[in-house]
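Before any comments, here is the structure.
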Amino acid sequence: MIFIVIASGICVADLLIKYWVEKKRTFADKTSILGGHIVIEKSHNKGACLNFMDKRPNYVLGITGVIFGILLCFFGFLLSKPKQGLAKLGTSFLVGGAAGNFIDRMHRGYVVDYLNFPKIKRLKDIDFNISDLFLIAGGFLILLISFVYKEK
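Counted from 1, the sequence shown has number 1076 at position 62 by our numbering; the numbering is strictly sequential.
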């Protein structure tokens, strides 16, 4: 049950922040926090990661919908298994992040991003949201688990 709460919490938190960004921020607004390491700014992404396929938002919606459905099935299967807490945690991060972005894409036709990391050279031109960060964290956690825990 806790893993469903975690996934739901990630999704709801991200959607609430996106709602605030859409209602209260303009594209020109930029707010630096943590000594300029993070900038809050509004951007829209009609494509997938890094605006991939941004000219085909309906394809992106369909593809992400299928992937999200498969992920939900896997999450349900994993939740029925005993133990495997780290795998469940990583998957709950993936489900929460995927849900936040998929709902946004269905509702708006694009994903609202609002975080930028200008002091990290490789990330300075990329905008993120909380869902993206949890997708990355969940992916890394699942990858780590796959290397550390070998099937017996």
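For every residue, glycine included, the Cβ atom is placed at its ideal position computed from N, Cα and C.
Given residue i as reference, the closest of the options once Cα atoms are compared
i: residue 1033; options: 1019, 1155, 1057; result: 1057
i: residue 1116; options: 1045, 1072, 1055, 1040; result: 1072
i: residue 1123; options: 1157, 1068, 1086, 1103; result: 1068
i: residue 1075; options: 1061, 1084, 1037, 1150; result: 1061
i: residue 1103; options: 1148, 1031, 1043; result: 1148
i: residue 1108; options: 1085, 1093, 1029, 1163; result: 1085
i: residue 1137; options: 1041, 1063, 1026; result: 1063
Residue i vs residue j beta-carbon contact at 7 Å
i: residue 1139; j: residue 1059; result: no
i: residue 1110; j: residue 1024; result: yes
Cβ-Cβ separation, residue j to residue i (assumed contact under 8 Å), whole Å
i: residue 1021; j: residue 1145; result: That belief does not hold up - the Cβ atoms of residue 1021 and residue 1145 are roughly 11 Å apart, past 8 Å.
i: residue 1141; j: residue 1157; result: With a Cβ gap of about 24 Å, residue 1141 and residue 1157 do not count as contacting.
Distance, residue j Cα to residue i Cα
i: residue 1135; j: residue 1051; result: 11 Å
i: residue 1048; j: residue 1133; result: 11 Å
i: residue 1082; j: residue 1155; result: 18 Å
i: residue 1091; j: residue 1113; result: 17 Å
i: residue 1160; j: residue 1152; result: 12 Å
i: residue 1087; j: residue 1038; result: 36 Å
i: residue 1053; j: residue 1131; result: 6 Å
i: residue 1078; j: residue 1043; result: 30 Å
i: residue 1015; j: residue 1093; result: 8 Å
Boundaries (first-last residue) of the alpha helix (DSSP H) holding residue i
i: residue 1145; result: 1144-1162
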